[in-house]
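Asks: All the letters of the sequence shown, read from the start, carry residue numbers 8 to 429 under UniProt numbering.
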Amino acid sequence: SIEKIEAREILDSRGRPTIEAEVYLSGGAVGLAQVPSGASTGSFEAHELRDGDSSRYGGKGVLKAVINIEEKIVPTLVGMNALEQVAIDRTLIDLDGSANKANLGANAILAVSLATAKAAANALGTPLYRYLGGTLANVLPVPLMNVINGGAHADNNVDIQEFMIVPISAPTFAEALRWGSEVFASLSAVLKTRGLLTGVGDEGGYAPNLKSNREALDILMTAIEQAGYNAGDQVALALDVAATELFKDGQYIYDGAAHSPNAMIDYLVSLVNDYPIVSIEDGLSEDDWQTWKQLTEELGNRVQLVGDDLFVTNPTRLHKGIDLGVGNSILIKLNQIGTLTETLETIDLGKRNGYTSIISHRSGETEDTTIADLSVATRAGQIKTGSLSRSERIAKYNRLLRIEAELGEQAVYAGAIGFGPR
Ligand code: PGA
Ligand code: ZN
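Spelled out as structure tokens, the structure:
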């Protein structure tokens, strides 16, 4: 049972405060979890509690969330069985009492939820992916690697937030990682040849100034081919438009002009026609349901259409999407909803309705590698954890290498299977 919980304010990969919690069990096992933080956050996400005290960290401190753990969560959870994750998470949800975890803070709640699961896995001497996924936890995810950063993740002029490479037909996860790294190196060379900058953005991808979104795609095609891979069959492309950030007064602003929702659909269709794109995330804004439905009718049988700000890992929002026929895939971010149990429920709801899941990091990350284990545990088949630089991104890839090695002959790389419609 839970004996003690410690919480503290630490820093994320942007140097901003976030929370970590350690759960101690009576048998001696300990679980440590750290919580990430977004920049292009959806307005329907669970509440991230910050102090708002401008004398510390520009108001971004998380001492209130730490105190909520120490004074409210600890007295409630001490003595509970750490193996009963559903009961733990329900207790946290009830203790908070709000619809979006605004009272205790989703950051406080998630730190404890995850640290409890890790302590339980440690107590059983089981790796986290197996504790959560059982014997069927043997599928290594395809990484969607964000190698050109724009939008809210970089200070360049590129509108689309993420240009990703997808080593779709690699034989193993380790080989997928090698392909990605080689393309990333090749991309650096291509950018230098064109006199473009190779400084990186929040998720470790390059962040050059470019003439258009298409220029980024052209550069990626060249980088893939120059690394010796076939662009499309071997290494495909994926986008996170993060269109909520582009949406102003009913129009989408990109490539220096305002476009109607219908023009945005036509634009995305033209990109899919011209490039080997297998997945588009948040191609439209978080509340533009009607245009989302049209986009799904138009492109849903050709590419994966992923809801991030749209669904915010929330079963209620995903339900609405399923009912309306919106999207065919969901981005999964633990801190958008705030507990492990609700996250697993959302993935399950998607699965039962033919929606693929991509387990995802945030742009503000830590060295915590829980999402790597979660991706294997849920057989999600896909992970989004950034570029091939910056150790808070690489930590997740390295964890997957270890899991693949540990599974040995049992390991299966997801590849194109289960990737959704293509
Ligand atoms: P965020 O971006 O973590 O800054 O919200 C990630 C994403 O949009 O997928
Ligand atoms: Zn996104």
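Every residue gets a Cβ at the ideal spot worked out from N, C-alpha and C, and that includes glycine.
Source: prediction; values computed, not measured.
1) According to the Cβ coordinates, are GLU16 and GLY68 closer than 8 Å?
2) What residue range does the beta strand (DSSP E) around GLN258 cover?
3) Report all residues from its chain with a CB closer than 6 Å to the CB of ASP316; omit the five preceding and five following residues, and keep chain order.
4) Tell me, to the nearest whole angstrom, how far the beta carbon of ILE231 is from that of VAL190; I am working on the premise that it is less than 8 Å.
5) Is it buried or exposed for VAL30, if we count other Cβ within 10 angstroms and need 16 for buried?
6) Please classify GLY388: is it buried, with 16 or more other beta-carbons within 10 angstroms of its beta-carbon, or exposed?
7) Of the choices ARG97, LYS391 and ALA122, whose alpha-carbon is the least far from that of ILE287?
8) Which residue spans inside the region 283-347 form an unbroken alpha helix (DSSP H) run of at least 4?
9) From ALA264 to ASP166, what does the alpha carbon distance come to, in whole angstroms?
10) Rounded to the nearest angstrom, how far is the Cβ of ASN156 from that of ASP240, given a contact under 8 Å?
11) Tell me which same chain residues have a C-beta within less than 6 Å of the C-beta of ALA379, skipping the five on either side of it?
12) Are the beta-carbon atoms of ILE12 and ILE76 separated by less than 8 Å?
13) Quick check: what's the CA-CA separation for GLU305 versus VAL279?
14) Which residue wins for smallest C-alpha separation from GLY257, given the options ALA144, ALA249, ASN269 and ASP247?
15) Just the Cα atoms here: how many angstroms apart are ARG429 and VAL85?
16) Whole-angstrom Cβ separation of ILE26 and VAL93, contact assumed at under 8 Å?
17) Excluding the 5 residues flanking LEU312 on each side, which residues of the same chain have their C-beta closer than 7 Å to its C-beta?
18) Does any heavy atom of the ligand ZN sit closer than 7 Å to the C-beta of LEU117?
19) Taking 7 Å as the cut-off, does the CB of GLN168 come closer than this to any heavy atom belonging to the ligand PGA?
20) How would you label LEU111, buried or exposed, when you count the other beta carbons within 10 angstroms and need 16 or more for buried?
21) Who are the near neighbours of ALA161 in its chain, counting only those whose CB is closer than 6 Å to its CB and skipping five residues on each side?
22) What are the boundary residues of the beta strand (DSSP E) that includes GLN233?
23) If we ignore side chains and look at the alpha-carbon of each, how far apart do TYR274 and THR348 end up?
24) Compare the C-alpha of ALA115 against each of GLU91, GLY104 and ILE80 and name the closest.
25) Going by DSSP, what residues sit across from ARG15 in a beta bridge?
26) So what does DSSP say about LEU32, is it helix, strand or coil?
27) Within this structure, are the beta carbons of SER20 and ALA249 separated by less than 8 Å?
28) Measure the Cβ-Cβ separation of LEU147 and GLU372 and say whether it is below 8 Å.
29) Nearer than 7 Å: is that true of the beta carbon of GLY45 relative to any heavy atom of the ligand PGA?
30) According to DSSP, is residue 7 helix, strand or coil?
31) Name the DSSP beta bridge partners of ALA423, please?
32) GLU413 and GLU374 - do their beta-carbons sit closer together than 8 Å?
33) Roughly how many whole angstroms lie between the Cα atoms of ALA223 and GLY187?
34) Thinking C-alpha only, which one of ASP355, SER367 and ARG359 is nearest GLY140?
35) Whose C-beta lies closer than 6 Å to the C-beta of VAL319 among residues of the same chain, with five residues either side of it excluded?
Replies: Working from what's here:
1) yes
2) For GLN258, the uninterrupted beta strand (DSSP E) segment begins and ends at 258-261.
3) Closer than 6 Å at the Cβ level, and outside the excluded window around ASP316, lie GLY49, THR251, ASP289 and GLU293.
4) 5 Å
5) VAL30 should be labelled buried.
6) Buried: at least 16 other Cβ atoms inside 10 Å.
7) For ILE287, the nearest C-alpha among the options comes from LYS391.
8) Runs found: 296-306, 322-331 and 341-344.
9) 11 Å
10) Taking C-beta atoms under 8 Å as the contact rule, ASN156 and ASP240 fail to qualify, at a distance of about 26 Å.
11) LYS403, ARG406 and LEU407
12) Between ILE12 and ILE76, the CB-CB gap stays under 8 Å.
13) 11 Å
14) It is ASN269 whose Cα lies nearest to the Cα of GLY257.
15) Note that ARG429 scores 40 on pLDDT, short of 50, meaning its location in the model is unreliable; the coordinates nonetheless yield the value given after this. Going by the C-alpha atoms only, they are around 49 Å apart.
16) The pair is not a contact, with the Cβ atoms about 22 Å apart (cut-off 8 Å).
17) ILE287, GLY290, LEU302, THR303, LEU306, GLY334, ASN335 and SER336
18) no
19) yes
20) Buried is the call here.
21) Result list for ALA161: GLY208 and ALA214, in chain order.
22) It is not in any beta strand (DSSP E) - GLN233 instead sits in the alpha helix (DSSP H) that spans 220-233.
23) 38 Å
24) ILE80
25) GLU27
26) strand
27) no
28) no
29) Result yes, Cβ under 7 Å from the ligand PGA.
30) Examination of residue 7 is not possible in this model, given that the chain is present from 8 through 429 alone.
31) Paired residues: none, contrary to the question.
32) Going by C-beta atoms, GLU374 is not nearer than 8 Å to GLU413.
33) Across the structure, ALA223 and GLY187 are spaced so that their CA atoms are roughly 17 Å apart.
34) ASP355
35) GLY49, PHE51, GLU52 and GLN343
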